[in-house]
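Here the structure is laid out as structure tokens; the discussion comes afterwards.
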Amino acid sequence: MDTSILEFLNKAGSFSEEESSLLQNEVKHRELKKNEFLLRKGEICSSLHFVISGSFYQYFIDTDLNMNIIDLGIKNDWVINHKSFTGRKPSEYEIQAFENSSVYELNIDSIHKLIAISPTFFQIGKVLEESTARVSFFDNNNTPDEKYEYILKNKPLLFQKFPQKIIASFLKITPETLSRVRKRIT
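All the letters of the sequence shown, read from the start, carry residue numbers 3 to 188 under our numbering.
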């Protein structure tokens, strides 16, 4: 298994060699084709997904049949529907591969098993916090310029992976506003 998932988890704390080995035994590798669903509306999110390659978008379709992007995931991101995962409730959103993608998957039963073996694995909860913080950042009162600058600084690869319409929806602005912001900032 690629060590990228262990490196990412080690940002939240440190794992012994034995704990790293236990984690490796629980993680599953999964390949998804472009447009394949990681999670469908109505399903319960029962796994954390760490993006090895490719990209994902999490969205819902509103009553006007508009796609509303909730989150975008690229290499080294965790992709999860936090509300469904923690509440064990059917998802209101879909998570779909934007391109051929590869993930590591850690299901909730494995997480519980690991935590029962070692409390060190409670650190996995930081994955949920990181994912939630990323999603909620764009739901707060930041200006379009601040949102755009955040992506430029923290996730510039999003601009290479996704079209402007998807980026605009993710930022909760119109494509026209995104064009104006890009002209002002770049």
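No residue lacks a Cβ here, since even glycine has one placed at the ideal position from N, Cα and C. These figures come from a predicted structure and were not determined experimentally.
Fill in: Which listed residue (60, 18, 26) has its alpha carbon closest to that of residue 37
Position 35 of the sequence shown, counting from 1, holds the residue named residue 37. It is 60.
Worksheet item: Which two residues bound the contiguous beta strand (DSSP E) that contains residue 75?
Response: In the sequence shown, the residue the question calls residue 75 occupies position 73. It spans 69-76 - the beta strand (DSSP E) in which residue 75 sits, taken as one unbroken run.
Item to complete: Can you say whether residue 51 is buried or exposed, counting buried as having 16 or more other CB atoms within 10 angstroms of its CB?
Response: Sequence index remark: in the sequence shown, residue 51 carries index 49 (1-based). Buried, since its Cβ has 16 or more Cβ neighbours within 10 Å.
Discussion item. Given a cut-off of 9 Å on the beta-carbon distance, is the pair residue 105 and residue 53 in contact?
Written reply: Within the sequence shown, numbered from 1, the residue matching residue 105 stands at position 103. Within the sequence shown, numbered from 1, the residue matching residue 53 stands at position 51. Yes. Within cutoff.
Worksheet item: Using 8 Å as the Cβ pair cut-off and three pairs as the minimum, do the stretch 62-73 and the stretch 94-110 touch?
Response: yes
Worksheet item: Buried or exposed: residue 119, going by 16 or more other Cβ atoms within 10 Å of its Cβ?
Response: For the purposes of this step, residue 119 is taken as the residue at position 117 of the sequence shown. Under this definition residue 119 is an exposed residue.
Worksheet entry | Complete runs of the alpha helix (DSSP H) confined to the stretch 81-165 [at least 4 residues] | 84-89, 110-119, 127-139, 146-156, 159-163
Practice prompt. Pick out whichever of 175, 171, 82, 179 has its Cα sitting closest to the Cα of residue 63.
Written response: The sequence position of residue 63 within the sequence shown is 61, counting from 1. Of the listed residues, the one whose Cα sits closest to residue 63 is 171.
Fill in: Backbone CA spacing between residue 162 and residue 56 [nearest angstrom]
Counted from its first residue, the sequence shown places residue 162 at position 160. Counted from its first residue, the sequence shown places residue 56 at position 54. Going from the Cα of residue 162 to the Cα of residue 56 covers about 12 Å.
Worksheet item: Per DSSP, residue 19 is paired with what?
Response: Within the sequence shown, the letter at position 17 stands for residue 19. None; residue 19 has no bridge partner.
Fill in: Exposure label - residue 114; buried when at least 16 CB within 10 Å
Numbered from its first residue, the sequence shown carries residue 114 at position 112. When all chains shown are included, residue 114 counts as exposed.
Discussion item. Between the alpha carbons of residue 149 and residue 81, how many angstroms are there, rounded?
Written reply: Translated into positions along the sequence shown, residue 149 becomes position 147. Translated into positions along the sequence shown, residue 81 becomes position 79. Rounded to the nearest angstrom, the two C-alpha atoms are 20 Å apart.
Discussion item. With the cut-off set at 9 Å, would you say residue 32 and residue 107 are in Cβ contact?
Written reply: The residue you call residue 32 lines up with position 30 of the sequence shown. The residue you call residue 107 lines up with position 105 of the sequence shown. Yes, the pair counts as a contact, with Cβ atoms nearer than the cut-off.
Worksheet item: So the beta strand (DSSP E) residue 49 belongs to, where does it begin and stop?
Response: By one-based count along the sequence shown, residue 49 stands at place 47. 49-55 is the extent of the beta strand (DSSP E) around residue 49.
Practice prompt. Round the Cβ separation of residue 22 and residue 110 to the nearest angstrom and send it over; I've been treating them as touching at under 8 Å.
Written response: Here residue 22 refers to the residue found at position 20 when the sequence shown is read from its first residue. Here residue 110 refers to the residue found at position 108 when the sequence shown is read from its first residue. 20 Å between Cβ atoms; not a contact.
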